[in-house]
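Residue numbers (the working numbering): 30 to 338.
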């Protein structure tokens, strides 16, 4: 399978690095992958290959401020002045391309970490755009901690600007999460138990880069929206939702954030919410030592809902 990006001009003004793969026969459905913070869609080739072999078409793109995607007002680690709105507009544009390539084919929006927040917010703003959503490894926890974190970012932004990296945000998140796995071999041990995968991340110049205060604030805008039950009520009651969390992932409080999101969805009357909490698994489920089993479980979930279509 060829998993290389093609630069594509979107009607949003973004020149997006877009990856595509498809089976030889008509696909069962389309899976649109949304990557996480400080990484890129090129890292999802193994996942895309498994999906394609199972009969699914796959599309993925680098978000603004990431990978090979370019936008006149964004840079590496920075969404630009349009923030989350611009990122979500790009998602809509990419999905339009996917549906044009595979007309009358259902579409599942998948997101990991920051991509999970993007996926959820795209569904909140466009409740009928996806035939299912998969939100992995990032819940939508509000409350006092989120409010304090946002206040810190806004204070820093007022003095330094939105396009400046936030060292304090990194300290409060990535660095703090890594302390859960002493003695640290790298700064990113919290991502996976697979040393080779962590080393590949560290060696990749398009991974682990500094993220600006503007981008952090945009992501927390999405978290805040997802934490609002009134917003969550906009999702169709019958929308299939697939949630995954690692029980050793400090980003989700060891899976608690994913459990809370599942509970909130079911409390809103959603009838098809699946939660998979993975024992001993850290943040990057698709790059963990149990990744094949996790991927197979997701494909089985897809097949139950889209396999005969």
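Cβ coordinates follow ideal geometry from the N, Cα and C atoms, glycine included.
Check: Residues near residue 254 in its chain [Cβ-Cβ closer than 7 Å; skip 5 each side]; Outcome: 150, 153, 260
Check: Check whether residue 105 and residue 124 have beta carbons under 8 Å apart; Outcome: no
Check: Element boundaries [alpha helix (DSSP H), containing residue 38]; Outcome: No alpha helix (DSSP H) contains residue 38, which is instead part of the beta strand (DSSP E) from 35-38.
Check: Cα-Cα separation between residue 258 and residue 175, rounded to whole angstroms; Outcome: 16 Å
Check: Every unbroken beta strand (DSSP E) within the stretch 131-190, with a cutoff of 3 residues, ordered by chain; Outcome: 136-141, 161-165
Check: Cα-Cα separation between residue 146 and residue 184, rounded to whole angstroms; Outcome: 23 Å
Check: Buried or exposed (CB count within 10 angstroms, at least 16 for buried), residue 320; Outcome: buried
Check: Continuous alpha helix (DSSP H) stretch holding residue 72: start and end; Outcome: From DSSP, residue 72 is part of no alpha helix (DSSP H); its letter is neither H nor E.
Check: Coil, strand or helix - residue 83 by DSSP; Outcome: coil
Check: Rounded Cβ spacing between residue 86 and residue 59 (contact assumed at less than 8 Å); Outcome: 5 Å
Check: C-alpha distance - residue 32 paired with residue 116, whole-angstrom precision; Outcome: 22 Å
Check: Where residue 63 sits in the DSSP three-state scheme; Outcome: strand
Check: Bridge-paired residues (DSSP) for residue 99; Outcome: 44
Check: Complete runs of the alpha helix (DSSP H) confined to the stretch 254-287 [at least 4 residues]; Outcome: 258-261
Check: Sub-8 Å separation of residue 283 and residue 272 beta-carbons; Outcome: no
Check: Candidates 98, 248, 303, of which the one nearest residue 71 by Cα; Outcome: 98
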